[in-house]
Amino acid sequence: MTPRSANIPVATTADENSLAVSESPGGLWSDVRRRFRRNAIALVGFYVVCFLTCVALFADFLANDKPYYLEYHGKVYFPILRSYLVGMRLANWPTELLNVNFKKLEGAKGIFPPNPYRPSNINLLEPLESPSSKHWFGTDKLGRDVASGMIHGSRISLSIGFVAVGIAVIIGVILGAIAGYFGSWVDLVISRLFEIMLSIPTFFLLITVAALLPPSIFLTMAIIGMTSWVGMARFTRNEFLRIRSLDYVTAAIALGVSDRKVMFKHILPNALAPVIVSVVLGIAGAILVESSLSFLGIGVPAELVTWGSILHEASTTTFAWWLAVFPGFAIFITVLAYYLVGEGLREVLDPRLRGLR
Amino acid sequence: MLRRSWRVGFVLLVLLGCGDKTEVKVSDAPPAANEKNPGNPVTGDWLVIHSLSDPEQLNPLTSSDATASEILAFIFQSLLTRDPRSLELKPLIAESRPVISEDKRVYTFKLRRDARFQDGKPLTGEDVLFSIKVIKCPLVNAPFLQVYFNSVIDARLVDEYTIQFTTKEPYFLNESVLGENVVLLPRHYYDPENLLKDVTVRDLTGDPAKLSEKVRKFADNFNRNYSRKPLGSGPYKFEGWETGREVDLIRDPNYWGSGKSGIDQVYVDRLLHRIINNLDAALVTLKSGGLDTMDLTPVQASRGSNSERFKREFQKFEYFAPSYSYIGWNNLSPIFRDKRVRQAMTYLTDRKQMVKTLLFGLGEVVNGPIFFFRPEYDKNLNEYAYNPDKAMSLLREAGWQDTDGDGVLDKVIEGQKTPSRFEIKIPSGSSTGKSVILVLQEELKRHGIIATVRDLDWTIFLDDVKNHKFDAVIMAWAMQASEPDEYQVWHSSQAANKGSNHISFKNSRVDKILADYRREFDEKRRVELYREFQEILNDEQPYTFLFARKSVSAVQRRFRGVQVYPAGLRPQEWWVPRDAQKYAREAALR
Amino acid sequence: MGSYLVQRFLLLIPTFIGVTLIGFLVMHLAPGDPAELRAAGGLGGAREGAISRNKQGSVDEALSQWRKQYGLDRPIPIQYAIWLSNLATLNFGESFKDNQSVWLKISERIPVTVKLNLLSLLLVYAIAIPLGIYSATHPNSLGDQVTTLIAFVLFAVPLIWAATMAIVFICGGDFLYLFPPAGLESLEYSSNWPLWRKFKDQTWHLFLPVVMLSYDGFAGLSRYMRASMLDVMGQDFVQMARAKGLAERVVVFKHVVRNSLIPQVTILASILPGLIGGSIIIETIFSIPGLGQLGYESVLARDYPTVMALFTVSALLTLLGILISDLLLAVVDPRIAFGRRQQ
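The listed protein sequences derive, respectively, from chains F, U and W.
As numbered in this note's numbering, residues 1 to 357 make up the first sequence, in order.
As numbered in this note's numbering, residues 358 to 947 make up the second sequence, in order.
As numbered in this note's numbering, residues 948 to 1290 make up the third sequence, in order.
Here it is, written out as structure tokens:
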């Protein structure tokens, strides 16, 4: 019910003593690292985030219908690597391996990944099976392995998270910087823009755009990014407002340093603290939004299996509880991990935060 | 927990029923529906029907959704109706079937004198004339219905109870169109100021710009203000509509057809359509007694309705809704213009397994556009059973090979090496269609054909289909159980102007058959013509015909007289023996 | 202060125009034609991709007639201007789907959504405030840490997961039947029922949706309360109160809590905008006839008037919320009202 954006105000530990750190970037970040490590829970979150990122990166090696290593008719192949090369158009499949079903290859010996399925492997003979040793998390109505879908789905979720937040950061920081730096009517106009963006029922707008335009991942990334930059913009604006009146900045301006240089070389590095927290929390938020959209059945192309789309099937096939439990849990753990990291960072960067509006 | 709330529900129902009734009891023993001699039908009780959504509106001409059609069918009538078993036309408001002129262009109907509307006023030729005028009026928002009447150019009253229609050319379905598709509207209710009095059907067939102000006023009023309170001559009256909750129809105690021979009688006092958008919730409601009948999804039919308790309470009926789904190949696309490629596609679609897995066995594979209960249906068509080897050899014959080792078939078309890649468009919201396409996509990939799936919002999808902007689409046609007429879909002239021949199928022999068929009044000859037509289609495979789905309806066992007809179920025939009736005799039946 | 009010109010207008313009443009520029949709059997046809054969045809005359009737053939800026002027008389037009007055459709559903969100709000406050107070008065204790952890965990639970799990496990599927899977009231619901029975039935139906809507708020609000209380407790006047010899309990409840509650009210204001969008998922999953469900269906049906109306209502609510929130802050912190920038 509360808008899931980085605007969520959460407790700050009023740890005034940690103010004893210099403003210059180098010293700040190593200090941040050190203090972050002391926060056990945030550290756990961090490891989970790393784990998930690895899963996403190496999805093809964890769940694939092709083997790592294949001995066939006396020759040795590495099908997974080759599929990468073929995808990049740097190689071709040898004719004997063209479009074959590796699992049914006669006279072949191979080492398969731990999950020997791709999320698109349809098997109409094994629909809606409950979890077993064959299918760890069961199958969906087309016989597709749920575990494989989850592993590859993490790729989609994380990439949408990163790109969407990336877009939001760029838009938000730039607009916030301009508003906070120049003040007066520029700020007035841009703040109106903030208000407009805040007043728009975001989720409603997302649904509208996603439902009306042909579904694609890029579209989803773009629209999530373009509707979630306001929080970062406001933080940036507030920071710029505050820092701009500090001595060293007025000095630089008096010395004739160009506006652009002042903004991006002198102010911005010190204004980034709240933005960083927003980025981490924003990734979690973007993942949530994306899975909500694909849960409603919009924004994702038909053949793509995402965490949200598996949950969608769960809601209409209520006896297949495995479709509800596992992907939802994956979303939950991911979001929780990012929140913990974000919170940890916030506590560490606390003295840098001014105002939570 | 389930039991407890069921008991609570039952108690509530009993309490609701208290007051007017002498006995309230829900029969414990499972009565067998369709027993040989259940006794004579009696009136009483309610039938609570599940509706998945509100009807969009209840104006019989301008409404266009299935829920509305179902409800309106109880309220309105037409000159003729069909025997549900033999599918023959028989008179309803008309006294008998029409007199047809030698040249098959003039149809004269004599009306019964005792038919009345639900407000008691008599139904006369004036109302029939009014009804056809409304249909023909181009400013009335009923474009789909109007297409059927393009050929009707005149209508006039011979006397108060006789009406004569004239059509442009002979067409064997004209009798059905005039007899069944002219919904009889009471003029005094839908046009109280008699604005259409002076305009003739001929005028309405002409240039719409020349129509008078009165006609415009009428059309405007008709389009806007009659969406919520229909009034007809049928056995059930409209009683109320609470948006999002229910649509209520009650039996008209003064129905003109009560007790008359040859007229179908109705018994249930109230047809209450409960609107529940969520299918799981609907099933729960059915099980707890809040619904008497609903259509089950394949999942629910095969898994959610097999408990002992369910079987004691409900009986399930399976029937085919006349419709079929298909994959349409754009016959003009470079890949699909060769019929061997289209045949190969059909060989690569394992339709039998799809019916088993995706439809849970509730369907039949079809190989042509004719409903298999029809006499026109050709039983000897090639089955195109799943056969990837045959498919690949057909493709090779057609010139498709993987010449460059990238795993994708290609062919040189017009000097350019073209890979076998194409896009299938599906409407979002169609989950079975999506499943079918995903299965096909996987299969094709294994054989070197790359199909991308594009799911589109329904309006955009329709737009693309009508403008032929696709390589392949998956869709379905719904039709009636009565005589088919495939002209609209397969005649080459219908490929232009956003007609129904979306795939641009063109075959001169088929064109001739379709045109001849329409003028053929001898049923045997028609059957022969269409046999040939189906054989040509079977060879050409312009569509890959998929399947006809079976619907499964659960009906509470207290209802008798439940039968499965070619076109489905007919709730208006059902009745409940007095001692099994559940709901109070309706105090509203004044 | 007065001039501040006027200033803020005036600034609302461009924002309002901006929001509605964006909504308008999105709806109209997106592909898809509402006329064609109606011609093809509405959304019912969409369900299985079927077009009823006897509802096919290409009668463009009638379609263009219909378009003219709704003014869809005029250029977009003119359509927007017309819409705005209608707005001044509170005329939202008629729905494309079923010709009902849009305002009627919306007002039918407002009570439902408002009730849902109000109850949710109450629940959140009822749980979060005491939790926050407890955490603040026993900082870093086991209780505080456990509460914080639970709050966090709840915050991370995705709504779609929680709701789907509920539908699968406790709403009458294969497992338990504790709550109804849909609707606001039982089908036998009648206004003749005694009050307690009506209350019981409604509670039974609303329990899950309200809880689902609220659980993430527990975390946010309780942490905020805790923070602001800790803030206040560190201030001088609290020391003073203690020094005066007042009982700790009095200090806490009379002084600290009162003062920390004020900023909470600004959160209240930020709830308003989420009313429509926030309930879309809940209303869809639990089939609750509220504004969120209406919005979703109207988008799919290209029902421009209804979508625009919802956008507008939502925009108004948000702006109202922001205005209230700003006003309250101005009351609390006079610096904000007078002058924006330190020179």
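The C-beta atom is built at its ideal place from N, Cα and C for all residues, glycine as well.
Contact set for U/E800: own chain, Cβ-Cβ below 8 Å, skip 5 residues either direction: L705, T706, D707 and P745
So what does F/R242 bridge to, in DSSP terms? Paired residues: none, contrary to the question.
Assign U/Q938 to buried or exposed, taking buried as 16 or more other Cβ atoms, counted over all protein chains shown, within 10 Å of its Cβ. Classification of U/Q938: buried, given that the 10 Å Cβ count is 16 or more.
Looking at the C-beta of F/R192, does it have a partner C-beta in chain W at a distance below 8 Å? yes
Coarse secondary structure for U/F522, derived from DSSP in three states: strand
Among W/L957, W/R955, W/I960 and W/G965, nearest to F/P201 - alpha-carbon criterion: W/G965
Helix or strand or just coil, what does DSSP make of W/Y1162? Here DSSP, grouped into helix, strand and coil, assigns W/Y1162 to helix.
Please say whether F/L158 and F/L52 have beta carbons closer to each other than 8 Å? yes
From the DSSP output, in three-state form, read off U/H804 for me. coil
Is the CB of W/A1262 under 8 Å away from at least one CB in chain F? yes
Give the list of continuous alpha helix (DSSP H) stretches no shorter than 4 residues that lie fully inside the region 40 to 104 of chain F. 40 to 57, 59 to 62 and 79 to 87
Quick check: F/T208 and W/V1246, are their CB atoms within less than 8 Å of each other? yes
Bounding residues of the alpha helix (DSSP H) (the contiguous stretch that carries U/A701): K696 to Y704
For the alpha helix (DSSP H) that contains U/S910, what are its first and last residues? Under the DSSP assignment, U/S910 falls outside any alpha helix (DSSP H), being part of the beta strand (DSSP E) whose first and last residues are F904 to Q913.
Would you say W/A1113 reaches chain U, if we count a Cβ-Cβ gap shorter than 8 Å as a contact? no
Residues in its own chain within less than 6 Å of W/N1001 by CB, not counting five upstream and five downstream? Low confidence applies to W/N1001: its pLDDT is 39, below 50, so where it sits in the model is not reliable enough to give any reading.
Taking Cβ positions only, does U/K791 come closer than 8 Å to chain F? yes
Can you tell me where the alpha helix (DSSP H) holding U/T650 begins and where it ends? Taken as a continuous stretch (DSSP letters only), U/T650 belongs to no alpha helix (DSSP H), being part of the beta strand (DSSP E) at T650 to L653.
Using a Cβ-Cβ cut-off of 8 Å, state whether W/A1129 counts as contacting chain U. yes
Would you tell me roughly how many angstroms separate the C-alpha atoms of W/W1030 and F/M226, rounded to the nearest one? Cα to Cα, the separation comes out at about 26 Å.
Please check the pair U/P928 and U/I406, which I expect to be a contact at CB under 8 Å, by giving their CB distance rounded to whole angstroms. 7 Å
Using a Cβ-Cβ cut-off of 8 Å, state whether W/G1119 counts as contacting chain U. yes
Got a sec, what are the start and stop residues for the alpha helix (DSSP H) F/H152 sits in? For F/H152, the enclosing alpha helix (DSSP H) begins and ends at V146 to F182.
Looking at W/I1107: is its Cβ nearer than 8 Å to the Cβ of W/M1172? no
For chain W, check one thing: does any of its Cβ atoms lie closer than 8 Å to the Cβ of F/A211? By this cut-off, F/A211 is an interface position.
Run of the beta strand (DSSP E) containing U/R954, from where it starts to where it stops: Only positions 358 to 947 of chain U appear in the structure, and residue 954 of chain U is not among them; the question remains open.
Runs of alpha helix (DSSP H) wholly within the region 694 to 778 of chain U (minimum 4 residues, chain order): 696 to 704, 708 to 715 and 745 to 754
Cα-Cα separation between W/Q1186 and W/K1147, rounded to whole angstroms: 48 Å
Run through chain U and tell me which residues come within less than 7 Å of W/P1236, C-beta to C-beta. G601
Quick test of the definition: if touching needs 3 or more C-beta pairs under 8 Å, does the region 783 to 793 of chain U touch the region 817 to 837 of chain U? yes
Does DSSP put U/F575 in a helix, in a strand, or in coil? helix
Using three-state DSSP, classify U/N397 as helix, strand or coil. DSSP places U/N397 in coil when its eight states are reduced to three.
So U/L926 is in the beta strand (DSSP E); what residue range does that whole segment cover? From DSSP, U/L926 is part of no beta strand (DSSP E); its letter is neither H nor E.
In three-state terms, what does DSSP make of F/L124? Per DSSP, reduced to three states, the secondary structure at F/L124 is coil, with no helix or strand assignment.
Which residues in the same chain have their Cβ closer than 7 Å to the Cβ of F/T405, if we skip the five residues on either side of it in sequence? Nothing can be reported for residue 405 of chain F: it is not among the residues displayed for chain F, which extend from 1 to 357.
Three CB pairs or more closer than 8 Å across the region 1152 to 1172 of chain W and the region 1083 to 1099 of chain W: yes
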